[in-house]
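Let me begin by presenting the structure, written as structure tokens, before commenting on it.
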Ligand code: 5MM
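Numbering (the working numbering), first residue to last: 14 to 354.
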């Protein structure tokens, strides 16, 4: 019973008022290409130094409840020798681990994927828990367009998410359940709303089937936005209404909290949309679990240079501050354009 209470407490702490989650769990391939684009050599040491720069940002725990790492970083150490999960916990932040092994083509459904990583997951979760992981993350990737998302892809991904969530609970770890409907495409915002609704419907059905405690999970969905190439522009209020409206039709009130991904939106756009959510009535805490929308400015400011660590950290602290303000509906242009460096 106390283990269950601990799960529920951890899930609540992840979505505590004013705090969000930093997604710094890019796989080695993704991280390497982002480093290269920033002019930084994609070495193991540079991936480590970049993550150390991020998570040692002074005062990070004020606006960040948890940090998601990938397997490589989880096994690395700060320059002072402390393993990442230990250093992060000592800073008052929950360490988390991405446990899926990536989205792979789904047989029989061209252009769609299923996320893999269930084989051996029970053992991996036990090992991560022993090393200090308090929560985990698994991302399903759902595409829109040409008959997509298919029922088959939605079902396969929802089933995997539920099996992952049940295994996390067995290990005493809170699962972040991330079914991401991609922004790629020419679709209108209404199409994103229906694809998101259908996808989340399947996810909830599978979670219930596996008897996953909903107050012990954090859901990480996309915001409901138009396709990147649709030419449609919508206001943050429109995004907030469509997103919360869609979630309210399918997500049970019991879910511990909703932590949105940014999905390729610009940093300021994602924050403005989050800010508008504050005006919407919702039964769950709403927060952010952004990757790119939090870290892109920090990577650009750092550029792999030891003498620019403080610049990178200021850039991250600024984005975290803007997003924390958004959680109270207090994000403004003045705050956004405040001098950072
Ligand atoms: C940080 O990126 C995460 C892992 O991506 P890869 O395994 O593809 O390298 C990703 O799951 C991320 O946590 C979510 O997509 C949210 O990030 P964004 O940038 O969409 O907020």
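Ideal placement from N, C-alpha and C gives every residue a C-beta, glycine not left out.
Source: prediction; values computed, not measured.
| query | result |
| --- | --- |
| For residue 18, count neighbouring Cβ atoms within 10 angstroms of its own Cβ and tell me buried if that reaches 16, exposed if not. | exposed |
| Taking only runs of the alpha helix (DSSP H) that begin and end inside the region 229 to 299, which ones reach a length of at least 4 residues, in chain order? | 249 to 263, 280 to 290 |
| Do residue 192 and residue 152 have their C-beta atoms within less than 9 angstroms of each other? | yes |
| Secondary structure at residue 187, three-state DSSP: helix, strand or coil? | strand |
| I'd like the ranges of any alpha helix (DSSP H) spanning at least 4 consecutive residues and lying wholly in the region 186 to 228. | 202 to 222 |
| May I ask you to list the residues that DSSP assigns as paired with residue 150? | 111, 189 |
| State the beta-bridge partners of residue 90 as determined by DSSP. | 96 |
| Could you give the C-beta distance for residue 263 and residue 229, rounded to a whole number, given that I count them as a contact under 8 angstroms? | Actually they are not in contact, since the Cβ atoms of residue 263 and residue 229 sit about 19 angstroms apart, beyond 8 angstroms. |
| Please report the straight-line C-alpha distance between residue 107 and residue 142, rounded to a whole angstrom. | 12 angstroms |
| One question on the structure: do residue 307 and residue 280 come within less than 9 angstroms of each other, judged by their Cβ atoms? | yes |
| List, from N- to C-terminal side, the alpha helix (DSSP H) runs of 4 residues or more that fit wholly inside the region 43 to 78. | 57 to 68 |
| Between which two residues does the alpha helix (DSSP H) carrying residue 127 extend? | Counting along the chain, residue 127 falls outside any alpha helix (DSSP H), though it belongs to the beta strand (DSSP E) covering 126 to 129. |
| DSSP three-state label for residue 354, please. | Here residue 354 scores only 49 on pLDDT, less than 50, and its place in the model is too uncertain to base an answer on. |
| Helix, strand or coil, according to DSSP, for residue 80 in the structure here? | strand |
| Is it right to say residue 345 is buried, meaning 16 or more other beta carbons lie within 10 angstroms of its own, or is it exposed? | exposed |
| Considering only their Cβ atoms, is the gap separating residue 194 from residue 205 smaller than 9 angstroms? | yes |
| Which whole-angstrom value is the C-beta distance of residue 82 and residue 97, which I expect to be below 8 angstroms? | 6 angstroms |
| I want to check one thing, is the minimum distance from the CB of residue 115 to the heavy atoms of ligand 2 below 8 angstroms? | As for ligand 2, it is missing from this structure, which binds only ligand 1. |
| Using the Cβ count rule (16 or more neighbours within 10 Å means buried), how would you classify residue 135? | exposed |
| Whose C-beta lies closer than 8 angstroms to the C-beta of residue 267 among residues of the same chain, with five residues either side of it excluded? | 227, 228 |
| Cβ of residue 135 versus every heavy atom of ligand 1: is any distance shorter than 8 angstroms? | no |
| Compute the minimum distance between the beta carbon of residue 304 and the heavy atoms of ligand 1, and state whether it is under 8 angstroms. | yes |
| In angstroms with no decimal places, state the Cα-to-Cα distance between residue 162 and residue 125. | 8 angstroms |
| To the nearest angstrom, how far is the alpha carbon of residue 63 from that of residue 32? | 22 angstroms |
| Between which two residues does the beta strand (DSSP E) harbouring residue 37 extend? | 33 to 37 |
| Can you have a look at residue 309 and say buried or exposed, based on whether 16 or more other CB atoms are within 10 angstroms of its CB? | buried |
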